[in-house]
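>
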Amino acid sequence: MKTRWKIWLLLVPLGITCSVRGQQNIQFTQYVFNSMSVNPAYAGYKEELFAQLGLRSQWVDLDGAPQTGLLSLDGLLDLYGRRRHGGGVQILADELGPQLATSVYLNYAFRIQLDREDTERLSFGLGAGVTQYSLDGTKIVVLEEGDAVLPPGKVSSFVPDIRFGVYYHNAKWYAGISVMDLLAATGSDNLFRWDQTTIDHIRRRAHLYVIGGMLFDLDEYTALRPSLLYKDDLSGPPSLDLNAMFIFNERLWLGGGIRTGVSAFRRDYKRLTGDRLSGLNSVSFVMQVFATDRLRIGYSYDYMISRINGLQNGSHEVTLGLTLGRPLDRVRCYF
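Under mature numbering (1 follows the signal peptide of the UniProt record, and there is no 0), residues -22 to -1, 1 to 313 are what the sequence shown spells out, in order.
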């Protein structure tokens, strides 16, 4: 079978199939600006109505590479009350060759005030949503017509999801842990199984996320904000993002990071790939500019260091963030 979906043909000989299969959830380099995509308990953290649009083009110039879009809105449900309830909605679309996944999630966070000055809170979050998986057989070019393995047109199926998270923050540091895809069936390696009429038996894996970061004041106008994101589907190779951002005059954020595999646990995938999935994967440049007090613009570029480096030209990600309504008179949030 010959297909325009060349990405799989390129990844298989490079030993990256386990990584693609294992880490199914969408990855964003700019999670550092809005962590609701990895933890539902983050909803309402900024204590303002905040909207964000994100676009990610991964592995540029590689045919069939992922193209991702994100639209989110979150804020307080009791803005002028005790600010104990946060809520948010996320819409995501991820296209990978002939495969398209479109998701809608609703998040709720119960925020507990821990001190009299209200500088630290502990939040418990719950998210629920659904993902529509589609496979377009017309985008797959075959040498022989009538291949029963492939659908003749577009087929799709819906998969529900529940996620849970805990998030703590004060003025100087934050930490959170969350589990996505709580309804996942972990006993299958296949995402799609076509039964001639629909995509049946969609399988996803539960994902564990751990986030954390700190804020250091270097002088009156400059701060340093290191952070980390640990991702694990409890089966394939875990992934670790390490980032550091310099904040200048609260307007300009400049920094970068690395994404690497983690080999702290013994997993079955090592029998097939060894440590090839546990090394340094990419380095990133990240920036954010506050064009106004309400509008922020983010950009990041990921430079691949893995074996796929010579086949593509990195990944670009752009975000637009907008504060809506009347913000509270509070200290600017850095997490």
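Ideal Cβ placement from N, Cα and C applies to all residues, glycine included.
1. Compare the beta carbon distance of F6 and G42 with 8 Å and say whether it is the shorter of the two.
2. So, do the stretch 41 to 55 and the stretch 66 to 74 have three or more beta carbon pairs nearer to each other than 8 Å?
3. Could you check what DSSP says for L289 in three-state terms: helix, strand or coil?
4. With a threshold of 16 other CB atoms inside 10 Å of the CB of V267, please say whether the residue is buried or exposed.
5. Suppose the cutoff is 6 Å on Cβ atoms and the five residues either side in sequence are ignored; what does the same chain contact list for Q77 look like?
6. What residue range does the beta strand (DSSP E) around L54 cover?
7. With DSSP as the reference, please indicate the residues paired to T109 in a beta bridge.
8. Can you check DSSP and say which residues form a bridge with R237?
9. Measure the Cβ-Cβ separation of Y145 and A29 and say whether it is below 8 Å.
10. From T270 to L202, what does the alpha carbon distance come to, in whole angstroms?
11. Pull up the DSSP beta-bridge partners for L186, would you.
12. Taking only three categories from DSSP, how would you classify Y279?
13. Please name the residue in R94, R62 and G107 whose C-alpha comes closest to that of A87.
14. In chain order, what residues of the same chain have a beta carbon less than 6 Å from the beta carbon of A222, not counting five sequence neighbours either side?
15. From G191, R99, V38 and F226, pick the residue whose C-alpha is nearest to that of D197; which is it?
The structure says:
1. Position 28 of the sequence shown holds residue 6. Position 64 of the sequence shown holds residue 42. One thing to note: F6 has its Cβ no nearer than 8 Å to the Cβ of G42.
2. Touching, per the Cβ criterion.
3. Reading the sequence shown from its first residue, position 311 is the one you call residue 289. L289 carries a helical assignment under DSSP once its states are collapsed to helix, strand and coil.
4. The residue you call residue 267 lines up with position 289 of the sequence shown. V267 should be labelled exposed.
5. Start at 1 with the first residue of the sequence shown, and residue 77 comes out as number 99. Closer than 6 Å at Cβ, skipping near neighbours: L113.
6. The residue labelled residue 54 in the question sits at position 76 within the sequence shown. In the DSSP annotation of this structure, the continuous segment of the beta strand (DSSP E) that includes L54 starts and ends at Q45 to L54.
7. On the sequence shown, position 131 is the one that residue 109 refers to. DSSP lists S81 and V137 as partners of T109.
8. Position 259 of the sequence shown holds residue 237. Beta-bridge partners of R237 (DSSP): D219 and S260.
9. Indexing the sequence shown from 1 puts residue 145 at position 167. Indexing the sequence shown from 1 puts residue 29 at position 51. Contact flag unset, no.
10. As a working note, residue 270 is residue 292 in the sequence shown. As a working note, residue 202 is residue 224 in the sequence shown. The straight-line gap from Cα to Cα measures roughly 21 Å.
11. The residue labelled residue 186 in the question sits at position 208 within the sequence shown. The partner list for L186 (beta bridge, DSSP) reads V157 and D210.
12. Along the sequence shown, one-based indexing puts residue 279 at 301. It is a strand residue.
13. Counting from one through the sequence shown, the residue named residue 87 turns up at place 109. For the residues R94, R62 and G107, the minimum Cα distance to A87 belongs to R62.
14. Residue mapping note: residue 222 aligns to position 244 of the sequence shown, counting from 1. Here the set comprises P204 and G233.
15. To locate residue 197, count along the sequence shown from 1; it is residue 219. The alpha carbon of D197 has as its nearest neighbour, out of G191, R99, V38 and F226, the alpha carbon of F226.
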